[in-house]
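Q: Listed in order, the protein sequences are those of chains A and B. Reminder that position 243 of the first sequence reads as 243 in this note's numbering, one-by-one numbering, no gaps. Reminder that position 545 of the second sequence reads as 545 in this note's numbering, one-by-one numbering, no gaps. Below you'll find the structure I mean.
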Amino acid sequence: MIATPLELLHARAGERARARELLAPPRLVPDRRDDAALTRDILTPLWTSDWRWWPLFGIAGLLTLLFLVAIGVTVTRGIGSWGNNIPVAWAWGITDFVWWIGIGHAGTFISAFLLLLHQHWRASINRVAEAMTLFAVMNAGMFPLLHLGRPWFFYWLAPYPATTGVWPNFLSSLTWDVAAVSTYFTVSLLFWYQGLLPDLASARDLAPTTLRRRIYGVLALGWRGSGEQWRRYRMVYLMLAGLATPLVISVHTIVSLDFAITQLPGWHSTIFPPYFVIGAIFSGIAMVLVLVIPIRRAFGLHGVITPRHLDLLSRLLLLTGSLVAYSYLTESFIGWYSGDRFERYALLTGRAAGPFAWVFWFMTAINVLVPQLFWSPRMRHNTVALFVAGLLICASMWCERFVIIVASLSRSFLPSSWHAYAPTWVDVSLLAGSIGFFFLLMFAFLRWVPSLALSEIRQLRALEQRGAA
Amino acid sequence: MPHPMPPGEVTRRDFVGMLGASAALAGLVGCTREPREEILPYVDTALDALPGTARQYATAMTIDGYATGLLVTTRDGRPLKIEGNPLHPSSHGAAGVMHQASILQLYDPDRARTCRIGPRDVRWEALLAALRPDQLLPRVGARGVGLSFLLEPTSSPLHVAMIDAVRTRYPECSVHYFAALGHEQVVRGCQLAFGRAAIPYHDLSRADVIVSLGADFLAAGPDHLHLAHDWSVRQARDPKPLLFVAEPVPTPTGTVAGDRVAATTAQLLQIALRLLDAAAPAAAAPVPATGLPQPLQSWCDRLAGQLQRNAVIIASPQLPASLHAAVAALNRQLDPDGTRTRYIAPPILDAGGRAHDLTDFANQLAAGQVDTLVVAAANPVYAAPGDVRLGTLMRQIPTRLYLGEYVDETAAVATHFANASHYLEAWGDSRSYDGSVLPAQPMIAPLHDGHSAAELLSAIAGDPASGRELLQRHCPDSIARDALRTGLVRGVVPQRLAVTPNIPGVREALAATVPATGTVLQLIPGHGVHDGRFAGNAWLQELPDPVTKLTWDNAAMVSPAFAAELGVASGDLLSLHLGDQLVELPALATPGMADQVVAIALGYGRRGEGILTRPIGVNVNPLRASASEFETAHVIVTRTGRRMDLAITQAHWSIEGRGDDLVDGHIPSPPATLYPPRRPAPDGFGRDQWAMTIDLARCTGCSACVVACQAENNVPVVGRTGVLQSREMHWLRIDRYIDETPGGARFTNQPMLCQHCEHAPCEYVCPVNATVHSDDGLNEMVYNRCVGTRFCSNNCPYKVRRFNWFDYTSKVSEFTLMQRNPQVTVRDRGVMEKCTFCVQRIRGAQSDAQIAGRDRTGAVQTACQQTCPTQAIQFGSLTDPDSGMTSRFADPRSFSALGALNTAPRVRYFRRHDPESPA
């Protein structure tokens, strides 16, 4: 097993024994249970309905309705129903887009990246993380479309063989964006669905009613669990993981280029690709914590999602958070070091003392300071602290994108063009509604789809038993 | 007029209604609306007139009695665009904001559409029946004692003839004239100085030193186009003329002054006295100079040293007569031959007489002898000073007829209402400021069957006739074919009067003038809305004030120091008490204002129909007194604690230390680079390479170009809420930066429009190739390809791109549609737009050149360039040696805004020379 550098860092002279323990194969699945019990435990929520689920599903549904209303207003009345203006031609909507895409990244990171790195501990959380990716990217993909002045012509951004002979402009990063996000969505969907196949088959086999058996049967695409099927499954799964992993880097790199290829002070920066990728994983891991902690509690999955999982996630939070803080430092330093008056204003004065200074200071405080709490093992094992930190970081990462986009645009080169920005109810509803839609999908997923990677947990258990034996 | 309607408030019912109207209109627009009478016979003489081609006709627009020569572009019988008449010295081819916007007034759906008696709609003939001599005589007496007229001041020979005709019929009728922003104080000042009525006529092209005492002579007033032209001509010659300005409220003229101070009216009177002492030392001991504050004192000293250098002094028409007397005496003293300032007879009928005294008129009404009152002035019930209580007085008159374009405040107190024709619908004539006569010919049949004042007067005189018949009968010169073709009536030259100033008398008058002291309320003309007559004009309401950049409102302008003293910031509501009158306005801290002065623009708070159902801004006429019309003392200013949002297009007035990059153009030599050198512009890609230069030394910020662009390019208005959200659509805006120093404020105006960058940042970021570069150097917008990502705007360092946030174009009245320029695409919801360098004019000129077989396109004028009173904007091809563009681009004064970004703009600015700094 490979230890993270942080773990090695811990291994100071007096802590050799502890290090050896850390480097040993982790015990992630309690070995008291047998496979059948484990399967039953995990699939039970699919057959039994918990009354607590309905109000949550209902709230998410209502927010989704709000989302639909806001979309309706945007499409029928025009972008004017948003708070955008000239100079702030991109604002809340693009902030939402970047935020959702970023959240999606942690899912791919956990499932594909860690799979390739043989981090078997991922097994109990990867399904939720992948679903999170999928739903987040669905949300993210909607914002650039809604954001168009004439959304019904969205397909003009794609290189399709038009009779006009006019192609998209391949110099524009928005064209790259279309390719990047659509590829990412496709691969994420395939990866998630392929991972689901054995579990759907398990659900089919255990389903209590004929109708359910038929539905899961169709969805399982004829999975029988034969050796040949498993061999192919593993190969494709690895290939998809291999495809998805670079996408984590490339998609957010391209999203960052939507800003970096311009010459706007505050956007025009070569640090953006790594800065955005790290920020994306940071926010995504925060979102995983926000999702996993309540799920673990609600379904009593303490045995499957162990404190060690949370511990590892919080270490990732600490690592990515520190990298984000370093990016902030570099960005400000380069702003000053460039000697360019526009850069200096945009990155230093404008952000720290401009009209959105309070957003800037909120996001700096949260993103820089909160992850540092997790140097402490006590904090890493405090689920409430982790949950609250996850929420705060999600909000604060949204603010980070808001500061980059809105604060830079509202005060650029010509002081004559400076103008403030204020969102409208439509802007707020779109964000709240998309969060509602995300949870609507998430609740549906938890209720009707095997939400833990059953087959992988069984494999992990077998692996651990073999190791123990 | 396009209502500033937030499209969200359009209901389904409205929409269906609009749909029906549009369908009905589809037929209407196709119809031509030529007058029933012959203008220049379309069929007989205009052999080259093809359907769809543009034709220009000369006419004149009259404001407060003074005419400006104009050319009106019409297409298929629809007047579409106003330009100045290059042949006439009142315009030199330029037009001001009100002239430019008057085209929208013609198509205003809120104009009165019928005559009325009481609440009943009647026909013009029915209305006239009540005014026939056989009806009138029994009521007003055989000699017309009971008949009274209140007219707009007039210089028209036709009006003179009509008033004579009325007087022949009713010898004892009374005629008074009213204009809220007239020139009576100037005339009375000359009466004081010379003993006879006169007005000054300046030739600034010969002046080396120009002094303005509160006068915005470059951007407002009846002669401003001529003065701005001459000043601009003088600018081309070295050494540059010095412009000294002392004014209570910053004006466009003040923004280009080399030496500007803020001064109250009381201080201006003292300055006048000092200048008089300097120019004509008094025999007796000079009047002891009371203390002027230090900045003013040194301004006076600097000026006194320059006075003998061919100086011209101009004072604001809103200042007291004694000050004008002093200025008249000074000008005569400094220029006895009249080479720079000659005094001429006022073209206005009875100028300086009792007929122009509103108090005299009010006394006559109060005396109770008037039975029939005929009003044909610009909304006097609204615009008259509050202490006259004109509305109350008028209600006591049994029969009161009002001829007006709108059902306004005056119409509300009238028993009889006649809807007036627009000047583009009527025959007439008028004199310009210099006294020359201009013909006015209709461009279109009256849209609502309106009639002119001349037609009304002829009916009262007992001989009703159409305007054209009246002209033929009384002023055949004004309707001569040659006059109509050129817009000039030949043979009329301004008369120079031989006048000598009575300097001791002037000194006495000055000493006797007791100006308001303490906190003074200063009432200034609204830059676009004038005295309120243009308050319903959406273009002018949305036109940012040149100094404050405020739209859709008037505000209580105070100096930042005074604002701090009052404890208010911009937007805090102030209450102003005067006697029993109370108005509330938002404060607006304005650098460059005199302290202890609250300045408020007139012309706001109008009530009427349509757009004015809810008043825009606040009516401050109730706070005016007829004795001192533009200044009110003893106003109690207090803070209310409430706030309101001000729709200001450029709230941030500091340049943030970026002057080098933006307006001064001190660009350091480019650093060494590995990039290949820039492609030389002229060869390789196209025949013509279009380019523009803008001279910041000549730009007064008057904003005529902004309205001209709006009229030419179908630029929509977005209303107050739109401006508050920073969504105004102007393709051309005027940035103004203020450098606030302890000694005063320095202003810089910078017209900002698409820079047509050779390396355009907007182009490479557009994902659908909707903004591309043309072969002749234009940055083009392909509207129907645009999907509205707005990425281009984000990457535009000049932020000149405009987005159609809503559907701004289809939900307007059928009349407004008639104003649309058919040469320019109307933009859909969700697409970007921006300045095109008037590409329709370029392509038109190219096609003309091709047809004529010329190998060069030749000169093309953009709309902004054509109307610029100071010729600050020049346009031409870099490859055309005749255009002079290449040498302008090479001029050492020229620079690119944000040149360091290497966008290589095709718009270059000429940096401003200040007299203080070496050229």
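Note that beta-carbon positions come from the ideal geometry of N, C-alpha and C, so glycine has one too. The structure presented is a predicted model; accordingly, all values stated were derived computationally and were not measured.
Is A162 of chain A close to chain B? Criterion is C-beta to C-beta, closer than 7 Å.
A: Taking Cβ atoms only, chain B never reaches closer than 7 Å to A162 of chain A, which makes this a no.
Q: Pop quiz: Y343 of chain B and Y66 of chain B are said to be a contact at Cβ under 8 Å. What is the actual Cβ separation, rounded to whole angstroms?
A: No, Y343 of chain B and Y66 of chain B are not in contact; Cβ-Cβ is about 17 Å, not under 8 Å.
Q: How many angstroms separate the CA atom of F806 of chain B from the CA atom of A422 of chain A?
A: About 18 Å.
Q: Starting from the N-terminal side, write out each stretch of the beta strand (DSSP E) that is 3 residues or longer and does not extend beyond the segment 395-458 of chain B.
A: Qualifying beta strand (DSSP E) stretches, in chain order: 399-404, 416-419, 428-431, 437-440.
Q: Going straight from the alpha carbon of Y382 of chain B to that of R206 of chain B, what length do you get?
A: Whole-angstrom Cα-Cα distance: 41 Å.
Q: Please work out which residues of its chain come closer than 6 Å, Cβ to Cβ, to L540 of chain B, disregarding the five sequence neighbours upstream and downstream, and give them in chain order.
A: Correct list, in chain order: A101, G528, V529, F534.
Q: Keeping to the same chain, check which residues put their C-beta closer than 7 Å to that of T825 of chain B; ignore five residues upstream and five downstream.
A: The answer, listed in chain order, is Y783.
Q: Anything in chain B within Cβ reach of V166 of chain A, meaning under 9 Å, just list it in chain order.
A: Going along chain B in sequence order, the residues near V166 of chain A (Cβ under 9 Å) are V768, N769, R785.
Q: Just how far apart, CA to CA, sit R906 of chain B and R841 of chain B?
A: Going by the C-alpha atoms only, they are around 17 Å apart.
Q: Would you report the Cα separation of C173 of chain B and A459 of chain B, rounded to the nearest angstrom?
A: If you take the alpha carbons of C173 of chain B and A459 of chain B, they lie about 15 Å apart.
Q: Unbroken beta strand (DSSP E) runs of length 3 or more, entirely within the segment 844-915 of chain B: which are they?
A: Within the segment 844-915 of chain B, the complete beta strand (DSSP E) runs of at least 3 residues are 873-877, 907-910.
Q: Over the uninterrupted alpha helix (DSSP H) stretch that includes W92 of chain A, give me the two end residues.
A: Where W92 of chain A is concerned, the enclosing alpha helix (DSSP H) stretches over 92-108.
Q: Based on Cα-Cα distance, which residue from B:Q725, B:D360, B:A420 lies nearest to A393 of chain B?
A: Before going further, note that residue 393 of chain B is Leu rather than Ala in the sequence given. Answer by Cα proximity: B:D360.
Q: Run through DSSP, which three-state label would A112 of chain A get?
A: Here A112 of chain A sits in helix by DSSP.
Q: So A89 of chain A contacts chain B; which residues on that side make the cut at Cβ distance below 7 Å?
A: By Cβ distance, chain B contributes R790, S793, N794, F803.
Q: Are the Cβ atoms of F413 of chain A and F342 of chain A separated by less than 7 Å?
A: Against a cut-off of 7 Å, the Cβ pair of F342 of chain A and F413 of chain A comes out as a contact.
Q: Quick one: is M372 of chain A buried, meaning 16 or more other Cβ sit within 10 Å of its Cβ, or exposed?
A: Checking the sequence, you will find Gln at residue 372 of chain A rather than Met. With fewer than 16 other Cβ atoms within 10 Å, it is exposed.
Q: Does DSSP put I344 of chain B in a helix, in a strand, or in coil?
A: Residue state, collapsed to three classes: strand.
Q: How big is the Cα-Cα spacing for S202 of chain A and C786 of chain B?
A: Taking the straight line joining both Cα atoms gives about 51 Å.
Q: Helix, strand or coil for A54 of chain B per DSSP?
A: In this structure, A54 of chain B counts as strand in the three-state DSSP scheme.
Q: For my contact list, H244 of chain B and D259 of chain B are in at a C-beta cut-off of 8 Å; report their separation, rounded to the angstrom.
A: The amino acid at residue 244 of chain B is misidentified as His; the sequence shows Phe. Rounded, the Cβ-Cβ distance is 5 Å, consistent with contact.
Q: Look up D695 of chain B in the DSSP assignment and give the residues it is bridged to.
A: BP columns for D695 of chain B point to B:F910.
Q: In chain A, which residues lie less than 8 Å from E656 of chain B when you measure between Cβ atoms?
A: What E656 of chain B touches in chain A: Y345, P415.
Q: So which residues on chain B does F402 of chain A lean against when the C-beta distance must stay under 7 Å?
A: Those do not exist, as F402 of chain A stays about 15 Å from chain B at its closest Cβ, beyond 7 Å.
Q: Hey, is the segment 343-353 of chain B in contact with the segment 190-199 of chain B, meaning 3+ C-beta pairs nearer than 8 Å?
A: Judged by Cβ distances under 8 Å, the segment 343-353 of chain B makes contact with the segment 190-199 of chain B, as three or more pairs qualify.
Q: Here's a check: name, in chain order, each residue in its chain whose Cβ is nearer than 8 Å to the Cβ of R32 of chain A, leaving out the five neighbours to either side.
A: Annotation note: pLDDT 49 at R32 of chain A (below 50); position unreliable, no value reported.
Q: If I measure Cβ to Cβ from A165 of chain B and keep anything under 6 Å in the same chain, skipping five residues before and after, which residues do I get?
A: Once the five neighbours on either side are set aside, the close Cβ partners of A165 of chain B are A461.
Q: Relative to the alpha-carbon of A900 of chain B, which residue among B:R111, B:D661, B:A556 has its alpha-carbon at the smallest distance?
A: Here the closest residue by C-alpha is B:D661.
Q: Using only the alpha-carbon positions, how far apart do R911 of chain B and W267 of chain A sit?
A: If you take the alpha carbons of R911 of chain B and W267 of chain A, they lie about 30 Å apart.
Q: Mapping DSSP to helix, strand and coil, what is G300 of chain A?
A: DSSP places G300 of chain A in coil when its eight states are reduced to three.
Q: Give the interface partners of S412 of chain A over in chain B, defined as CB-CB distance under 8 Å, in chain order.
A: Per Cβ cutoff of 8 Å: P797, K799.
Q: Whole angstroms is fine: what's the gap from G144 of chain B's alpha carbon to Q396 of chain B's?
A: When rounded, the distance between both Cα atoms is 18 Å.
Q: Using a Cβ-Cβ distance under 7 Å, would S726 of chain B count as near chain A?
A: Interface residue, yes.
Q: Of the residues that make up the segment 67-78 of chain A, which ones have a beta carbon closer than 7 Å to any beta carbon in chain B?
A: Listed in sequence order: R77, G78.
Q: DSSP state of V261 of chain B, grouped into three classes?
A: Of the three classes helix, strand and coil, the one that applies to V261 of chain B here is strand, per DSSP.
Q: Since I313 of chain B is in the beta strand (DSSP E), which residue starts that stretch and which ends it?
A: Counting along the chain, the beta strand (DSSP E) containing I313 of chain B begins and ends at 311-315.
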